[in-house]
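J.: Following the working numbering, the numbering of the sequence shown begins with 9 at its first residue and continues without gaps. C-beta atoms are modelled at their ideal positions from N, C-alpha and C, and glycine is treated no differently. Please read these numbers as outputs of a predicted model, since none were measured by experiment. Pasting a structure here, questions to come.
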Amino acid sequence: VSSEIKLGILGLGVVGSGTVELLRQNADIIEQKTGAKIIIKKIAVRHIDKPRSVNVDRSLLTDNSYEILDDPEIDIVCELIGGIDPAHELVLRALENKKQVVTANKELIAKHGTELMNKANESKLDFQFEGSVGGGIPIIQPMKNALAGNQVQAVMGIVNGTTNYILSQMADENKDFNAALAEAQELGYAEANPTNDIDGHDAAYKLAILSSIAFTTPVDEAAIYREGIAKVQLRDIQVARDLGYVIKLLAIAKSNGNGSIQARVHPTFLPKHHPLAAISGVYNAVYIHGDFVGDVMFYGQGAGSKPTASAVVGDIMDVARNLNNGSTGRVPCTCHELHAITPIEKIVSKYYFRMIATDRPKMLASIANVFGNCGVSIEAVQHRPISRGRIEMVWITHKTEESKFTRSVSHISILSVTEKIANWFRVEEEDI
Ligand SMILES: NC(=O)c1ccc[n+]([C@@H]2O[C@H](COP(=O)([O-])OP(=O)(O)OC[C@H]3O[C@@H](n4cnc5c(N)ncnc54)[C@H](OP(=O)(O)O)[C@@H]3O)[C@@H](O)[C@H]2O)c1
9 VSSEIKLGIL
19 GLGVVGSGTV
29 ELLRQNADII
39 EQKTGAKIII
49 KKIAVRHIDK
59 PRSVNVDRSL
69 LTDNSYEILD
79 DPEIDIVCEL
89 IGGIDPAHEL
99 VLRALENKKQ
109 VVTANKELIA
119 KHGTELMNKA
129 NESKLDFQFE
139 GSVGGGIPII
149 QPMKNALAGN
159 QVQAVMGIVN
169 GTTNYILSQM
179 ADENKDFNAA
189 LAEAQELGYA
199 EANPTNDIDG
209 HDAAYKLAIL
219 SSIAFTTPVD
229 EAAIYREGIA
239 KVQLRDIQVA
249 RDLGYVIKLL
259 AIAKSNGNGS
269 IQARVHPTFL
279 PKHHPLAAIS
289 GVYNAVYIHG
299 DFVGDVMFYG
309 QGAGSKPTAS
319 AVVGDIMDVA
329 RNLNNGSTGR
339 VPCTCHELHA
349 ITPIEKIVSK
359 YYFRMIATDR
369 PKMLASIANV
379 FGNCGVSIEA
389 VQHRPISRGR
399 IEMVWITHKT
409 EESKFTRSVS
419 HISILSVTEK
429 IANWFRVEEE
439 DI
């Protein structure tokens, strides 16, 4: 005989509606698999009378979240409001009232995850957040369970569908950044105010979550180096293609092998044979290298009502099983250590550098000299005339410390042959 587990949902927007739809549509298999009937007892919203994409009896709705949080019958609280205020306070209250918690709120986990998980652990409560990274892609649970025995060396992800769509459109349709962004907005892939996506904030929240689990350390989202995609020019994408690369907004976290880690979000030159290079449009993927598993990659829809509901309901089912077995709180916060994040000036990478120069005798030598004097060695250089007396030069460096590379760039910028520094990007290798 199935048990009855009562669920309260905070938020009935994109993800909340999908969650209700999935719990209803697949109620039979959910009950078979968990041995529990999941009953939605109450749903909190801001505007009770707003039209909804899912049919919900008005008696289920409340505009007072505390009717859920303070209801002794409710076992699981599912927070799908988003943001910090009031989500943080509401989730804390749920935990104080000994509710199991499921959320898809990346900002909340990135900023307050350790505090909330520790609070949940005090009362041996489940606190699950699979939907917070990669929408429907299972990544948090696999890292905490199936891959837990590995020492992770690197996690790299395309974790923002909006920016991946824009970069894919630029590459495939030769559109410039503004045209690709406008199209993404028309199709509903980018919000009216796309700053959070374009500037890499959304990806940084997700990287804070991924890297803290991968490297068992709290990672402050504010400490993650971040560069958005607005600086990517169509010309860079064309040059990248000619050189055998694609440009992707990557969220990268790596172990330096000495107790410190790297955590950074920026547009990156990626060899076209890299598994992440093939991820196009709004799709997301996360690539992990562990010492025993080797390479693994998780791929799927990184946002949207149904995919995210899939992750949220997976969490609800996991909690339901734990409730049935009296085994909640099995996997507490996994941040057992404290690893420093390497400042960006100290990372070691290859670099792509594009500039416009005046075509004069010894021009090439004067630029090469600057690189040499700064200790940067060059893997490749190519140039092409763009108009009479002007040339575009593209340099690819060998691996070097970032501070040496940026010092070269500032010296080159004041050479008399330099007309313009066009752009530069970090280049990832095929092997991590
Ligand atoms: N959208 C995605 O594809 C996606 C993917 C992965 C993760 N997420 C995460 O999932 C969460 C929800 O996102 P969403 O896209 O579903 O947001 P959304 O469409 O804006 O929905 C938010 C819901 O919260 C309700 N709400 C707002 N303030 C409230 C309050 N003070 N009390 C009670 N209810 C309140 C709103 O009520 P009204 O409807 O009455 O206004 C709305 O139903 C966020 O953390 C987001 O980062 C979203």
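Unbroken alpha helix (DSSP H) runs of length 4 or more, entirely within the segment 400 to 430: which are they?
T.: You should have 410 to 421.
J.: Taking 7 Å as the line, does the beta carbon of Thr316 fall inside it for any heavy atom of ligand 1?
T.: Yes - ligand 1 has a heavy atom lying nearer than 7 Å to the Cβ of Thr316.
J.: Ligand 1 and Leu18: does any heavy atom of the ligand fall closer than 7 Å to the residue's C-beta?
T.: Result yes, Cβ under 7 Å from ligand 1.
J.: Going by alpha carbons, who is nearest to Ala261 out of Pro226, Ile255, Pro340 and Arg249?
T.: Selected option, being the one with the closest Cα: Pro226.
J.: Between Gly16 and Ser313, is the Cβ-Cβ spacing less than 8 Å?
T.: Not closer than 8 Å, so no.
J.: So for Val356, helix, strand or coil by DSSP?
T.: Residue state, collapsed to three classes: strand.
J.: Mind checking Pro275: buried by the 16 CB within 10 Å criterion, or exposed?
T.: Result: buried.
J.: Regarding Lys114 and ligand 1, is the C-beta to nearest heavy atom distance less than 7 Å?
T.: Because some heavy atom of ligand 1 lies under 7 Å away, the Cβ of Lys114 counts as near it: yes.
J.: Could you work out which residue in Ala188, Leu31 and Asn126 is closest to Cys343 when comparing CA atoms only?
T.: Checked all of Ala188, Leu31 and Asn126; the closest Cα to Cys343 is Asn126.
J.: Whole angstroms are fine: how far does the CA of Leu124 sit from the CA of Gln40?
T.: So the two alpha carbons sit approximately 31 Å from each other.
J.: With respect to the alpha helix (DSSP H) encompassing His274, which residues constitute its N-terminal and C-terminal limits?
T.: Element bounds for His274: not the alpha helix (DSSP H) but the beta strand (DSSP E), Ile269 to Pro279.
J.: In whole angstroms, give me the CA-to-CA distance for Val254 and Ser11.
T.: If you take the alpha carbons of Val254 and Ser11, they lie about 52 Å apart.
J.: Taking 7 Å as the cut-off, is the CB of Lys214 close to at least one heavy atom of ligand 1?
T.: Not under cutoff, so the answer is no.
J.: Can the beta-carbon of Gly310 be found closer than 8 Å to that of Gly90?
T.: The answer is no: Cβ separation not under 8 Å.
J.: Starting from Leu116, trace the alpha helix (DSSP H) in both directions and tell me its first and last residue.
T.: That run of the alpha helix (DSSP H) goes Lys114 to Glu130.
J.: Restricting to runs no shorter than 3 residues, where is the beta strand (DSSP E) found entirely within the segment 248 to 332?
T.: Here the runs fully enclosed are 253 to 263, 269 to 279, 291 to 298 and 302 to 309.
J.: For ligand 1, I want to know if Pro94 counts as a neighbour, meaning its beta carbon is within less than 7 Å of at least one of the ligand's heavy atoms.
T.: Within the cutoff, so yes.
J.: Which residues in the same chain have their Cβ closer than 7 Å to the Cβ of Trp403, if we skip the five residues on either side of it in sequence?
T.: Within the same chain, Trp403 has close Cβ partners Phe361, Ile386 and Val389.
J.: In angstroms with no decimal places, state the Cα-to-Cα distance between Ala44 and Gln108.
T.: In a straight line, the C-alpha of Ala44 is about 15 Å away from that of Gln108.
J.: According to the neighbour-count rule (16 or more other Cβ atoms, all chains shown, within 10 Å of its Cβ), is Leu175 buried or exposed?
T.: Buried, because 16 or more other Cβ atoms sit within 10 Å of the Cβ of Leu175.
J.: What does the alpha-carbon distance come out to for the pair Ala259 and Ile148?
T.: Ala259 and Ile148: Cα-Cα distance of roughly 15 Å.
J.: Between Arg54 and ligand 1, is there a pair consisting of the residue's CB and a ligand heavy atom that are separated by less than 7 Å?
T.: Checking every heavy atom of ligand 1 against the Cβ of Arg54, one is found closer than 7 Å.
J.: Taking all protein chains shown into account, decide if Thr366 is buried (16 or more other Cβ within 10 angstroms of its Cβ) or exposed.
T.: Result: exposed.
J.: Please confirm whether Gly121 and Thr316 have their CB atoms less than 8 Å apart.
T.: No; because the gap between Cβ atoms is not below 8 Å, this pair is not in contact.
J.: Cβ of Gly312 versus every heavy atom of ligand 1: is any distance shorter than 7 Å?
T.: Checking the Cβ of Gly312 against ligand 1 gives yes.
J.: Who are the near neighbours of Cys382 in its chain, counting only those whose CB is closer than 6 Å to its CB and skipping five residues on each side?
T.: The answer, listed in chain order, is Lys412, Arg415 and Ser416.
J.: Within the present structure, is the beta-carbon of Gly21 separated from the nearest heavy atom of ligand 1 by less than 7 Å?
T.: Gly21 Cβ: within cutoff of ligand 1.
J.: Take every Cβ of the segment 152 to 159, pair it with every Cβ of the segment 273 to 293, and state whether three or more of those distances are shorter than 8 Å.
T.: Contact between the segment 152 to 159 and the segment 273 to 293 is absent, because fewer than three Cβ pairs lie under 8 Å.
J.: By Cβ distance, which residues of its chain are closer than 6 Å to Gly165, with the 5 residues on each side in sequence left out?
T.: Around Gly165: Ala259 and Val294.
J.: I'd like the span of the alpha helix (DSSP H) that includes Glu181, first residue to last.
T.: It spans Gly169 to Glu181 - the alpha helix (DSSP H) in which Glu181 sits, taken as one unbroken run.
J.: Would you check if the distance between the CB atom of Leu218 and the CB atom of Val301 is smaller than 8 Å?
T.: For Leu218 and Val301, no; Cβs fall outside 8 Å.
J.: Return yes when at least one heavy atom of ligand 1 lies under 7 Å from the C-beta of Ile443, else no.
T.: For the chain, the structure presents residues 9 to 440; residue 443 sits outside this window and is missing.
J.: Go through its chain and collect everything with a Cβ distance to Ala231's Cβ below 6 Å, but skip five positions before and after it.
T.: Contacts found: Ile349.
J.: Just how far apart, CA to CA, sit Tyr74 and Leu98?
T.: Cα-Cα distance, rounded: 8 Å.
J.: Report buried or exposed for Lys50, applying the criterion of at least 16 other Cβ atoms within 10 angstroms of its Cβ.
T.: Buried, by the Cβ-count rule.
J.: Contact criterion: CB-CB distance below 8 Å. Does Val240 meet it with respect to chain C?
T.: You won't find chain C in this structure, because it holds only one protein chain.
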